[in-house]
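Note sheet for the following structure.
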Amino acid sequence: MNPPFIAIPAALVVVAWFAPTASERKTAIAFILLMVVGVGAGVTARGQMSAMFLNLAAGKLESRPAIGTEPGCTKVDLDNSVAIRRQLYTDAFRLLPDAGPFGIGLDQFSARACVKGIPPHNAFLQAALEFGWPAGAALVLLVITAAGRRSFAMAPLSREHVFAIAALLYVVMLAMVHGRISRETTLFLLLGYAAELRASAGSMMRAWLLRPL
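Residue numbers for the sequence shown, in the numbering used here: 932 to 1144.
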């Protein structure tokens, strides 16, 4: 399944959970149901293609050797995105001990992996590999802090916080399956936006408490 079809409903679940009004919650739930029905209809209508992708994921179809692999690398079917990603993660965790505190260098994973020219498709793992373990840990900590306890506490009172949490969840989920650290502009913009909201949470809370009843 295409990752956005998972990330979008996940973000909408956040909206449905924290939406300030019942009508907004109902709207979010309606969109979630529409997506579920749409995806189900698409899978049913293209049953043969769905079966082919399931076979690819299970490794039941014949594999072909990948182009540009290192000596000793296993065969990878370049038409099977699941097999490619499996090999990328295998290579990433193989190289991770060598990254150390300073990393192996920007975009160097693509040069040292078995399948050449393809990043690890995980911005957090790539940060740890290419910039060092502290950089990877710092990026994870930034996301956790941005979507921390204060943001969740403010979400039922502020649509901005709901948007920030939902949008950050969507972008982070995509960054974990499609991410490339040099192109994660949206992720860093949302981290900055969430940080600004956290800084202004106190004034927003006071304004909510002093609102006219």
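Each residue gets a CB set at the ideal place from its N, CA and C atoms; glycine is no exception.
By the Cβ neighbour-count rule, asparagine 933 is exposed, with fewer than 16 other Cβ atoms within 10 Å of its own.
In this structure, alanine 947 keeps its C-beta atom at 8 Å or more from the C-beta atom of isoleucine 937. Buried is the label assigned to phenylalanine 1062, since at least 16 other Cβ atoms lie within 10 Å of its Cβ.
In terms of Cβ geometry, serine 1113 and isoleucine 1096 do not form a close pair [threshold 8 Å]. By the criterion of at least three beta-carbon pairs nearer than 8 Å, the stretch 1012-1028 is not in contact with the stretch 1068-1078. In this chain, the alpha helix (DSSP H) harbouring leucine 1121 covers 1116-1130. Of the candidates Pro1028, Val974, Leu1128 and Met1104, the residue whose Cα lies closest to the Cα of leucine 1088 is Leu1128.
Ranked by Cα distance from tryptophan 1064, the first of Asp1008, Ala1030, Leu1105 and Phe1024 is Ala1030. Look at arginine 977 here: in three-state DSSP terms it is coil, with no helix or strand label.
Alanine 950: not part of any alpha helix (DSSP H); DSSP gives it neither H nor E. Counting C-beta atoms within 10 angstroms of its own C-beta, alanine 1058 has 16 or more neighbours from the protein chains shown and is therefore classed as buried. Counting the other CB atoms within 10 Å of its CB gives leucine 965 a total below 16, which places it among the exposed residues.
DSSP places proline 934 in the coil class of the three-state scheme, outside both helix and strand. Membership of serine 1041 in the alpha helix (DSSP H) is indicated by the continuous run 1040-1043. Separation of proline 1051 and serine 1131 (C-alpha to C-alpha, rounded to the nearest whole angstrom) is 36 Å. In terms of Cβ geometry, alanine 942 and alanine 1098 form a close pair [threshold 8 Å]. Here DSSP, grouped into helix, strand and coil, assigns threonine 1005 to coil.
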